Amino acid sequence: MKLTESEYGKLAKRRSPNTKLYKTVPAAFLVGGLICCIGQAVLNMYKSLGIAEEQAGTLTSVSLVFLSAVLTGFGLYDKIAKHAGAGTLVPITGFANAVVSPAMEFKTEGYVLGVGAKIFIIAGPVIVYGLAASAVYGIILFAMQAA
Amino acid sequence: MSRYIGNGTVLLESTPSVVSYGSAAGKMEGEGPLGSCFDYVSEDSAFGENTWEKAESRLQQHAFEQALIRGNIAESSISFVFAGDLLNQCTGSAYSMRNNGARFIGLYGACSTMAESLALASVFADSGIGSLNAALTSSHFCSAERQFRFPETYGGQRTPTAQWTATASGCAIVGAHSGPPYVKAVTIGTIKDMGIKDANNMGAAMAPAAYDSIRTHLDTAGKAPEDFDLILTGDLGSVGSDLLNDLFMQDGVKLGNRHNDCGMMIFDREKQDVHAGGSGCGCSASVLCGHILPKIRSGELKNVLFTATGALMSTTLVQQGESIPGIAHCVHLSFDDSL
Amino acid sequence: MEYLWAFLVGGAFCAIGQLLIDLTAMTPARILVTYVVSGVVLGALGIYEPIVDFAGAGATVPLTGFGYNLAKGVRRAVTEDGLIGSLTGGLEACAGGITAAVVFALTAAVVFGRGDKTTGTVTNG
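Chains as they are written, first to last, in our numbering: chain A, 1046 to 1192; chain B, 1478 to 1816; chain C, 6 to 130.
Right under this line is the structure:
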């Protein structure tokens, strides 16, 4: 072969089609925006029932997680996600999908080593680094308050 | 007897015959352009089993059984089975053959396994080792996906260069010289790694290996591309096929229509939304056994250079940032038996 | 108006995520981690609060909102309980969402069968 590794790398890049941004970005924007609107509607509904702001927020998260779990269960969430990309990844429904889908998938390996052990195989890093960042913030905040 | 002529190339002087072949596929492959070619198509991707791993083994058994039926061969008369798949520890094949009395040789060559197993089964047959030797491989979209990528119901997006693991299996049974198709020569490839790291672009990772093995075969066996009606690569997909053409163009060789790729043939890339094409060791196996071997038997195709390609990585090594080594093996299949 | 801003701001968070997927080599998992950590940082710096006031669910539903919630919870817990709050506040604030995901996931595992992208169905079993 007459090409060096870097020459081949360039050729391969040229031959590899890119994602069509004019399609993927608007789709992500639309679906993501829509999910947020659903969230807003759910939040307003809880608030109109006289539920306090804080609790209404939590209930909204729980409701969206439930909605996503149902759609995932029926195999519909991944069909929307194929087109929506980050539009279904970034909202909390994407987090729920990332927890529900391995739970379903690894049931064949049992409820403990399959479902239990693999439930956070995709979403785990989000919790790990979210909690770690929040703990660091707490320590800095404490140091600042003490000073 | 087999004669080694260097550069990984073996001439099979007795020109053993592919005495029978069988193929099996899933629903999507059945709906693809080659759907009518497969001997067995299941509407149920689980093939009546309760796990995807067992489904793959069952799929493989169907291809094996179809080959036995077509050749009117008793299961007990198979001497050696060279089998492989994509699952960890090659379990797709081991579990499909666990109640079969044949001598079992498990192989792993990723998507190149059909060429690897066919080459070995043929060399064994040519050397008079075993009366009937089977080459058998499979892949299943769902078992591959859960091992290499994501759960089925996870909402992910595929990149345009990604390939779709075919749910398919193929089995070729090689025996002593009788009738076409004949196996004339094989070339065992070397591992080529040109630094491609994107596991969603396996075509680009494998194209250099395909080029190298085909080039080596042509040069060593004293052949030109014109000596073949078809140079059939296994699972380069659209990106890898373009790159293979580019690499040959640098030698001033235009492959053009003489080249086709199993990954591009098994699916309708636009309608079936499989991006760069099909992949998996069942892809080239089913295309070969369902579509190509019958055409060589009938004489519609005279000489085919079957070159299945494999990307020899694992998720672990990819996560460690390593590039993807590629491999390709060539098998020269022919309608006539003159060497 | 409330809905318009939720749509526009929420949509923008997702569009940025899509650009990261398509233009960089970042995997979806890395993008989500980046979003959550960014949410914590922006929440800690007091930048995210005004976005939430302005866009409502458009800011709380994306995963940055999850990070913001973690930061908010830690701030309250540290203020009320001292240093120990840095370990309790985050999870307390997000307990509902995380536990709901686990409980619904387990339920889904019991109720539903295996997904199958090749047929676009969920099989029983």
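No residue lacks a Cβ here, since even glycine has one placed at the ideal position from N, Cα and C. Predicted model, so just to flag it, every value in this text is computed and none were measured.
When secondary structure is reduced to three states using DSSP, A:Asn1089 falls in the helix class.
Interface criterion met: the Cβ of A:Tyr1122 is under 9 Å from a Cβ in chain B. Residue contact with chain C for A:Val1157: absent (no Cβ-Cβ distance below 9 Å to any residue of chain C). By the rule that beta-carbons nearer than 9 Å mark a contact, C:Ile26 touches chain B. Exclusion of the five residues before and after B:Ser1556 leaves Ala1579, Arg1580, Gly1607, Ser1608, Leu1609, Asn1610 as the residues of its chain whose Cβ lies within less than 7 Å of its Cβ. Straight-line measurement puts the Cα of B:Phe1725 at about 38 Å from the Cα of B:Gln1538.
Secondary-structure assignment with DSSP links B:Lys1669 through a beta bridge to B:Gly1803. Between the beta-carbon of B:Cys1758 and that of B:Leu1595 there is about 11 Å, and that puts the pair past the 8 Å contact cut. Interface residue (Cβ-Cβ distance to chain B less than 9 Å): A:Glu1150 is classified as such. Secondary structure of B:Arg1746 (DSSP, three-state): coil. Scanning the region 1508 to 1546 of chain B from its first residue to its last, no whole alpha helix (DSSP H) run of 4-plus residues comes out. Taking 8 Å as the Cβ-Cβ cut-off, the region 1777 to 1807 of chain B has no residue approaching chain C. Note on geometry: alpha-carbon atoms of A:Val1107 and C:Gly102 lie some 5 Å from one another. Annotation for B:His1768: no beta strand (DSSP E) segment contains it, and DSSP assigns it neither H nor E. Taking a C-beta cut-off of 7 Å against chain A, the contacting residues of the region 1662 to 1689 of chain B are Met1671, Gly1672, Ile1673, Asn1678, Ala1681, Pro1685, Tyr1688, Asp1689, listed in chain order. For A:Pro1062, a Cβ of chain B is located within less than 9 Å of the residue's own Cβ. Annotation: B:Cys1588 is outside any beta strand (DSSP E) and is labelled neither H nor E by DSSP.
If the five residues before and after B:Leu1782 are omitted, its C-beta is found closer than 6 Å to the C-beta atoms of Phe1705, Ile1708, Cys1807, His1809, all from its own chain and listed in chain order.
Taken through DSSP and simplified to helix, strand or coil, C:Phe109 comes out as helix. Contact between C:Asn74 and C:Ala110 does not hold, since their C-beta atoms are separated by about 20 Å, which reaches or exceeds 8 Å. The alpha helix (DSSP H) runs lying completely inside the region 37 to 122 of chain C and spanning 4 residues or more are 53 to 60, 62 to 65, 68 to 86, 90 to 116, given in chain order. In summary, C:Ala11 is buried, with 16 or more beta-carbon neighbours lying within 10 Å of its beta-carbon over all protein chains present.
If you ignore the 5 residues before and after A:Leu1048, its C-beta comes within less than 8 Å of the C-beta of Leu1056, all in its own chain and listed in chain order.
For A:Ile1164, no alpha helix (DSSP H) run applies, since DSSP gives it neither H nor E. Shown here, B:Tyr1659 sits in a strand according to DSSP, grouped into three states.
DSSP, reduced to helix, strand and coil, places B:Phe1557 within a strand of the structure shown.
The Cβ of C:Ala11 sits closer than 9 Å to at least one Cβ of chain A.
In the DSSP secondary-structure assignment, B:Leu1609 is bridged to B:Gly1652.
As the crow flies, the alpha-carbon of B:Phe1627 is around 8 Å from that of B:Gly1633. The beta carbon of B:Thr1630 sits closer than 9 Å to some beta carbon of chain C. Considering only beta carbons, the part of the region 1630 to 1655 of chain B lying closer than 7 Å to chain A consists of Thr1630, Tyr1631, Gly1632, Gly1633, Gln1634, Thr1636, Pro1637, Thr1638, in chain order.
In this structure the region 1067 to 1081 of chain A lies against the region 60 to 69 of chain C, because at least three pairs of beta carbons, one per stretch, are closer than 8 Å. Within 8 Å of the CB of C:Gly120, the CB atoms of chain B belong to Pro1628, Glu1629, Thr1630, in sequence order along the chain. Judged by their CB atoms, B:Thr1528 and B:Tyr1659 are not nearer to each other than the 9 Å cut-off. In this structure, A:Ala1072 lies away from C:Ala106, with their beta-carbon atoms at least 9 Å apart. Remark: C-beta atoms of B:Asp1516 and B:Ala1540 approach each other more closely than 9 Å.
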